[in-house]
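In what follows, a single structure is set out as structure tokens and then discussed.
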Amino acid sequence: RRGEMAKSMQLIDNEVFRAYATYAAIVLLKMMLMSLITAYFRITRKAFANPEDTASFGKGESAKKYLRTDPDVERVRRGHLNDLENIIPFVGIGLLYALSGPELSTALLHFRIFAGARILHTLAYLIPLPQPGRGLSWAVGYSVTFSMAYRVLKTVLLL
Amino acid sequence: RRGEMAKSMQLIDNEVFRAYATYAAIVLLKMMLMSLITAYFRITRKAFANPEDTASFGKGESAKKYLRTDPDVERVRRGHLNDLENIIPFVGIGLLYALSGPELSTALLHFRIFAGARILHTLAYLIPLPQPGRGLSWAVGYSVTFSMAYRVLKTVLLL
Amino acid sequence: RRGEMAKSMQLIDNEVFRAYATYAAIVLLKMMLMSLITAYFRITRKAFANPEDTASFGKGESAKKYLRTDPDVERVRRGHLNDLENIIPFVGIGLLYALSGPELSTALLHFRIFAGARILHTLAYLIPLPQPGRGLSWAVGYSVTFSMAYRVLKTVLLL
């Protein structure tokens, strides 16, 4: 039992891995928050995608009118999909990057800029801010992931 | 060679990590199953998204009518997207959680409840069951991932 | 410091893990490329999803006409979503597979076929190639991930 625990502790004792785990958890929680915001807008705007979700509003035609799209709901959903497209590559490539043995300060720089950029991206999407606010925050996060992927491939390449 | 193998075996010898690997594989396979169900409904409902997919039904207008959305296809696709939004955070946060050294029994409780909740969520979506069946199964899975993220951040926090 | 570095180096010194890291990074970068292709088509086809993205084309009705869907944009977006549905399970299950101690040659075979199949899938989607080109490349990638999941479950099963 002790031995196993010790083994499982090796990665988590590494500072770069701890920093990775912290920021990966933060950006994944931020992504999960989009589900709650979608639910909030679906309920307040009364705009649902499934007939069974509108059953509490009555039967037949009276409920059917709530089966509709709403601009605010669609906006949050686009933000959520953009998170899936960008945060998941960060989590996957970031894990490989953390295992490739970077300096702690360099790793923290990557993780902090990415997390900040994605939080700004969500704010820019939901407020919404005028462009190029959202575009720039997207580009910064994208570049951080690309920079980590470059280091991973340079360090481990085995085709 | 032997040494390398031994090294790669460390994580996989850990019981918590084996439990994680088992449930992560199960929920990812469940998510992949949605692709097959989508294909099944696209073919049986004759509802496709790409012109090249309808070419076998003939040319021109006769094939064009199969370029359409179908309620059953869209329902499976919504279930698939919900899996992406919920199962992927579980797989990412669950890995960090498994490495944070939890008790095996606590970890198994998290993994089993999550897998059960997501299987129920898919059934509730596809049958479909009346609400709040789908809503509750979603909330249970969401809470499990949140509980694991809380433990990860409490254990490793390095900002 | 040295000790930590050494620890973090264990996984990355393993050849199977290096091969996994290489191919996981490649397919995630390929997936990220879809964002750039979407942006390219949105700009050249002048088809945007957010009012704030069309502000540079003027105010009011003159800009509103660019808030529309375009067949080329939607095609890239379907390809991107298909990547999320298939590449992410590969990255998750592939990690567990790499840690389950497979032979390097077997692992490389899986990773190379998957990466090749997904690159073909993107080409088949974007050109587009007549079916069953896209369908077959999808099925090959799907089968590789399934084969890895089978080995993971056979090796680690702990329910």
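Protein chains in written order, with the working numbering: chain R, 1 to 159; chain F, 160 to 318; chain X, 319 to 477.
For each residue, glycine too, the CB sits at the ideal point set by N, CA and C.
My assumption, with CB atoms under 8 Å, is that Ala308 (chain F) sits in contact with Ile252 (chain F). Please give the rounded CB distance.
5 Å
Per DSSP, which residues does Phe48 (chain R) bridge with? Please list them.
R:Leu67
With Ile127 (chain R) as the anchor, note down where its alpha helix (DSSP H) starts and where it stops.
Looking at the DSSP string, Ile127 (chain R) is not in any alpha helix (DSSP H), and its letter there is neither H nor E.
Put Leu267 (chain F) into one of helix, strand or coil per three-state DSSP.
helix
Assign Ser418 (chain X) to buried or exposed, taking buried as 16 or more other Cβ atoms, counted over all protein chains shown, within 10 Å of its Cβ.
buried
Any Cβ of chain F within less than 8 Å of the Cβ of Thr145 (chain R)?
no
On the DSSP letters alone, give me the boundaries of the alpha helix (DSSP H) that Leu11 (chain R) sits inside.
Arg2 to Asp13
Taking all protein chains shown into account, do 16 or more other C-beta atoms lie within 10 angstroms of the C-beta of Tyr40 (chain R), making it buried, or fewer, making it exposed?
exposed
Nearest-angstrom Cα separation, counted from Gln10 (chain R) out to Ala19 (chain R):
14 Å
Beta-carbon spacing of Val114 (chain F), Ala180 (chain F) below 8 Å:
Past the edges of chain F, shown from 160 to 318, lies residue 114 (chain F), and the structure says nothing about it.
If you drop the 5 nearest sequence neighbours on each side, which residues of the same chain put their C-beta closer than 8 Å to that of Tyr97 (chain R)?
Tyr20, Ala107, His110, Met148, Ala149, Arg151 and Val152
Name, please, each residue of chain F whose Cβ falls closer than 8 Å to the Cβ of Gly376 (chain X).
Going along chain F, no residue has its Cβ under 8 Å from Gly376 (chain X), so there is no contact; the nearest lies around 33 Å.
Residues of its chain near Gly397 (chain X), where Cβ-Cβ distance is below 7 Å and the 5 sequence neighbours each way are ignored
Met352, Thr440, Tyr443 and Leu444
Would Thr203 (chain F) and Val235 (chain F) qualify as a contact pair, given that the criterion is a beta-carbon distance under 8 Å?
no
Using only the alpha-carbon positions, how far apart do Val334 (chain X) and Glu15 (chain R) sit?
24 Å
Consult DSSP for Gly101 (chain R) and reduce its assignment to one of helix, strand or coil.
coil
Neighbour list for Asp371 (chain X) in chain R, Cβ cutoff strictly below 9 Å
Gln131, Arg134 and Gly135
Here's a check: name, in chain order, each residue in its chain whose Cβ is nearer than 8 Å to the Cβ of Asn241 (chain F), leaving out the five neighbours to either side.
His280, Tyr284 and Trp297
Look at the Cβ atom of Glu211 (chain F), then the Cβ atom of Pro448 (chain X), and state whether they are nearer than 8 Å.
yes
I'd like the list of long-range same chain contacts for Phe146 (chain R), defined as Cβ closer than 8 Å, with 5 residues on each side in sequence excluded.
none
Between the Cα of Gly459 (chain X) and the Cα atoms of X:Leu422, X:Gly376 and X:Phe432, which residue gives the shortest distance?
X:Phe432
Using the C-alpha atoms, what's the distance from Met190 (chain F) back to Leu28 (chain R)?
18 Å
So that I know if they touch, is there some Cβ in chain X lying closer than 8 Å to that of Gly260 (chain F)?
no
How would you label Glu85 (chain R), buried or exposed, when you count the other beta carbons within 10 angstroms and need 16 or more for buried?
buried
Rounded C-alpha distance that separates Arg452 (chain X) from Gly434 (chain X):
13 Å
If you measure from the beta carbon of Ser221 (chain F) to each beta carbon in chain X, is any gap under 8 Å?
no
Run the CB neighbour count on Leu354 (chain X), radius 10 Å, all protein chains shown included, and call it buried at 16 or more, exposed below.
exposed
Cross-chain neighbours of Ser105 (chain R) in chain F, by beta carbon under 7 Å:
Chain F residues near Ser105 (chain R): none, gap ~12 Å exceeds 7 Å.
Identify the contact partners of Ile29 (chain R) in chain F, using a Cβ-Cβ distance below 7 Å as the criterion.
A quick correction: the sequence has Leu, not Ile, at residue 29 (chain R). The answer, in chain order, is Ala308.
Beta-carbon contacts of Ile12 (chain R) that lie in its chain and below 8 Å, excluding the five residues immediately before and after:
Arg18 and Ala21
Can you grab the Cα-Cα spacing for the pair Thr387 (chain X) / Arg277 (chain F), in whole Å?
33 Å
Against Glu174 (chain F), what residues of chain X qualify as contacts under a CB-to-CB distance less than 9 Å, listed in chain order?
Leu476
Residues from the stretch 71 to 89 of chain R in contact with chain F, defined by Cβ distance under 7 Å:
His80, Leu84 and Ile88
Just mark Leu254 (chain F) as buried or exposed, buried being the case when its beta carbon has 16 or more other beta carbons within 10 Å.
buried
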